[in-house]
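Written below as structure tokens is the structure these notes are about.
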Amino acid sequence: MNRMTLWATHIDTEARTGLRMTNQPYTAMRESVALTRAVADLARQWDRLMPTYLAPRLVDGADTWHRKADHLLGWVRLVHRLAAPCPYCDTLTLVRDDGDDKVRCTVCRRTWHEAEYRHFVRMLLEENTP
21 MNRMTLWATH IDTEARTGLR MTNQPYTAMR ESVALTRAVA DLARQWDRLM
71 PTYLAPRLVD GADTWHRKAD HLLGWVRLVH RLAAPCPYCD TLTLVRDDGD
121 DKVRCTVCRR TWHEAEYRHF VRMLLEENTP
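The opening position of the sequence shown corresponds to residue 21 in my numbering, with each subsequent residue numbered one higher.
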């Protein structure tokens, strides 16, 4: 949260300087209030920021911090992508949610328990071993 707040307040200060606006005293605010205020101020200035060099940095940084915040809050599942191809559609689209015992293909939507998946992998290895 601290790093996110520092990023948002720094970008907002740069934007205010570039747009010749008065700076906000974010250091006097609680961290959560400073973050909320800086993001709201940046959103209000967006139409003026679009043609400046700050717009790409703002979009990239906001996207990065949004993903990090979602992950920290537990709103994003950890998904393991598996290296073996799907036994049915032969695509490299097998995934397993963290802590789940099922493997699924994101293309053909088939699902296997992990023991079945290990069996498929062993068959694949035996098939390709000289």
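We put the CB at the ideal spot given by N, CA and C, even for glycine.
Indicate the three-state DSSP secondary structure (helix, strand or coil) for D120 in the structure shown. Your numbering for residue 120 matches position 100 in the sequence shown. DSSP, read as helix, strand or coil, puts D120 in coil.
Continuous alpha helix (DSSP H) assignments of at least 4 residues falling wholly in the stretch 47 to 118: DSSP runs (the alpha helix (DSSP H)) wholly in the stretch 47 to 118: 51 to 64, 66 to 69 and 74 to 92.
Same chain, Cβ closer than 6 Å to K137, five either side skipped, listed in chain order: Taking the sequence shown and counting its residues from 1, the one referred to as residue 137 is at position 117. The sequence given here places Tyr at residue 137; Lys does not occur at that position. V123, listed in sequence order.
Bridge partners - C125, DSSP secondary structure assignment: Position 105 of the sequence shown, counted from the start, is the residue given in the question as residue 125. Under DSSP, C125 shares a beta bridge with L114.
CA-to-CA distance, L26 to K88, given in whole angstroms: Translated into the one-based positions of the sequence shown, residue 88 becomes position 68. Translated into the one-based positions of the sequence shown, residue 26 becomes position 6. Roughly 15 Å between the two C-alpha positions.
Terminal residues of the beta strand (DSSP E) in which T42 lies: As a first step, residue 42 is located in the sequence shown; it is residue number 22 there, counting from the start. According to the DSSP assignment, T42 belongs to no beta strand (DSSP E), since it is labelled neither H nor E.
Counting Cβ pairs, one atom from each stretch, are 3 or more of them under 8 Å apart for the stretch 62 to 69 and the stretch 29 to 39? By the Cβ criterion, the stretch 62 to 69 is in contact with the stretch 29 to 39, since at least three pairs of Cβ atoms, one from each stretch, lie closer than 8 Å.
Secondary structure of T149, DSSP reduced to three states: Here residue 149 is taken as the residue at index 129 of the sequence shown, counted from 1. Look at T149 here: in three-state DSSP terms it is coil, with no helix or strand label.
Cα-Cα separation, Y73 to E34: Mapped onto the sequence shown, residue 73 falls at position 53. Mapped onto the sequence shown, residue 34 falls at position 14. Rounded to the nearest angstrom, the two C-alpha atoms are 10 Å apart.
Just the C-alpha distance for L112 and A60, rounded to the nearest angstrom, thanks. By one-based count along the sequence shown, residue 112 stands at place 92. By one-based count along the sequence shown, residue 60 stands at place 40. The straight-line gap from Cα to Cα measures roughly 42 Å.
Using CA coordinates, which residue listed in T131, W85 and A48 is at the minimum distance from I31? Along the sequence shown, one-based indexing puts residue 31 at 11. Checked all of T131, W85 and A48; the closest Cα to I31 is W85.
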